[in-house]
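Below is one structure; the comments refer to it alone.
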Amino acid sequence: MTVHIGAKPGDIAETVLMPGDPLRAKWVAETFLSDVRQVNDVRGMLGFTGTWHGHAVSVQGSGMGMPSLSIYANELIREYGATTLVRIGSCGGMQPHVALRDVILAMTASSVTTPSSTILRELTYAPCADFGLLRAAAAKADALDVPSHVGGIYSSDTFYDDRPDLNDQMVRHGVLAVEMEAAELYTLAARYGARALAVLTVSDHLQTGESLSSADRESSFSDMIEIALTAAFA
Ligand code: HPA
5 MTVHIGAKPG
15 DIAETVLMPG
25 DPLRAKWVAE
35 TFLSDVRQVN
45 DVRGMLGFTG
55 TWHGHAVSVQ
65 GSGMGMPSLS
75 IYANELIREY
85 GATTLVRIGS
95 CGGMQPHVAL
105 RDVILAMTAS
115 SVTTPSSTIL
125 RELTYAPCAD
135 FGLLRAAAAK
145 ADALDVPSHV
155 GGIYSSDTFY
165 DDRPDLNDQM
175 VRHGVLAVEM
185 EAAELYTLAA
195 RYGARALAVL
205 TVSDHLQTGE
215 SLSSADRESS
225 FSDMIEIALT
235 AAFA
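This is how it looks when you write it as C-alpha cells:
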C-alpha cells in the first residue's frame, strides 16, 4: 500500500493504462480485460488489474491535471514497479486538420509549468514519448484505419483558459491538441527509467467549438484503447 493506492505489492502489473477518469478505468477494465479485479478505491480513484491476451495489465485513474497524475505515476513507478505507463484520455483539437474522434499520439508535450518545474528550474526540458511505444501505436492506428496524428501536444494547467494569445502561438507552432497530464507523465517516466505514451481522442475542438456526444465518446474511445494495449505489448 502507498499513500494513495491501496493495492498490495504485486497487485499492480508492470503495464498500466492511465485514464483521467476513475469510472473510465472501470469501463476499460470491464470491457477490454479478462480476470479483472479491483485493486484500488482510495479516494474513489479506482484501479483494476486483469489480463489482455494473456498479458497482465492494470488500469489506474490518474485524476485531472498534472499534480494528481504525478501522485499516481510516482507511486506506480517507484512503489509498485510499473515500467510502461500509457495515458488514455481526451483532448481538445487545436489545428484545422485535426478532427473530432481523431487519435493523437503525443510525441512531445509542451507546458507552461509542470510539478517538475520546481526541480528543473531554468531548464526548458522537452518531455517526449517512448519511441517504441509511439511507433507501435502509430502502426496499430494505421492498421485499424483510424485517423491519427503524431506530433506535439500541450499539457495545460487550466481547462478554463484565459490566454488566447498563448493558444495562438501554439497553433502557429503546430501543436495538435491540448490536455492536462502528459508532460508530467513523460518527465516522471524519463526520470525513473519507465516508458510512457499518451494516446488521446479528440473530444472537442478549440477552433470550431464542436464536441463529441457521450455516445460518440464511447465508440471512439474503443479505438484508442486497442491502440494503447497493442502498443504496450508490441
Ligand atoms: N482543454 C484541456 N484539456 C482538455 C480539453 C481542453 O479543451 N479537452 C479535453 N481535455
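Numbering (my numbering), first residue to last: 5 to 238. Ideal Cβ positions, reconstructed from N, Cα and C, are used throughout, including at glycine.
Hey, is residue i close to the ligand HPA, as in C-beta under 6 Å from one of its heavy atoms?
i: residue 175; result: no
i: residue 163; result: yes
i: residue 94; result: yes
i: residue 228; result: no
i: residue 184; result: yes
i: residue 152; result: no
i: residue 66; result: no
i: residue 208; result: yes
i: residue 114; result: no
i: residue 160; result: yes
If I measure Cβ to Cβ from residue i and keep anything under 8 Å in the same chain, skipping five residues before and after, which residues do I get?
i: residue 234; result: 140, 141 and 144
i: residue 148; result: 227, 230 and 231
Taking 6 Å as the limit between beta carbons, can you name the residues of its chain near residue i, skipping five residues before and five after?
i: residue 63; result: 21, 29, 32, 33 and 52
i: residue 155; result: 111 and 180
i: residue 224; result: 105 and 205
i: residue 97; result: 181, 206 and 209
i: residue 158; result: 114, 174, 179 and 182
i: residue 238; result: 140
i: residue 131; result: 113, 187, 190 and 191
i: residue 137; result: 199, 201 and 235
Mind checking whether the beta-carbon of residue i lies closer than 6 Å to any heavy atom of the ligand ATP?
i: residue 107; result: With respect to the ligand ATP, the structure offers nothing, as its ligand set consists of the ligand HPA.
How far does the beta strand (DSSP E) with residue i in it reach, from first residue to last?
i: residue 108; result: 107–114
i: residue 52; result: 51–56
i: residue 183; result: 181–183
What does residue i pair with, by DSSP beta-bridge criteria?
i: residue 91; result: 22 and 202
i: residue 63; result: 21 and 52
i: residue 41; result: 53
i: residue 158; result: 114 and 182
i: residue 208; result: 96 and 215
i: residue 153; result: 108
What is the residue span of the alpha helix (DSSP H) that residue i lies within?
i: residue 164; result: Run containing residue 164: none; DSSP gives neither H nor E here.
i: residue 145; result: 135–148
i: residue 76; result: 70–82
i: residue 16; result: Per DSSP, residue 16 belongs to no alpha helix (DSSP H) and is neither H nor E.
i: residue 225; result: 218–236
i: residue 9; result: Premise fails: residue 9 is in no alpha helix (DSSP H) and is neither H nor E.
i: residue 124; result: 121–124
For residue i, which residues of its own chain have a beta-carbon under 7 Å away from its beta-carbon, when the five flanking residues on both sides are left out?
i: residue 26; result: 48, 49, 50 and 65
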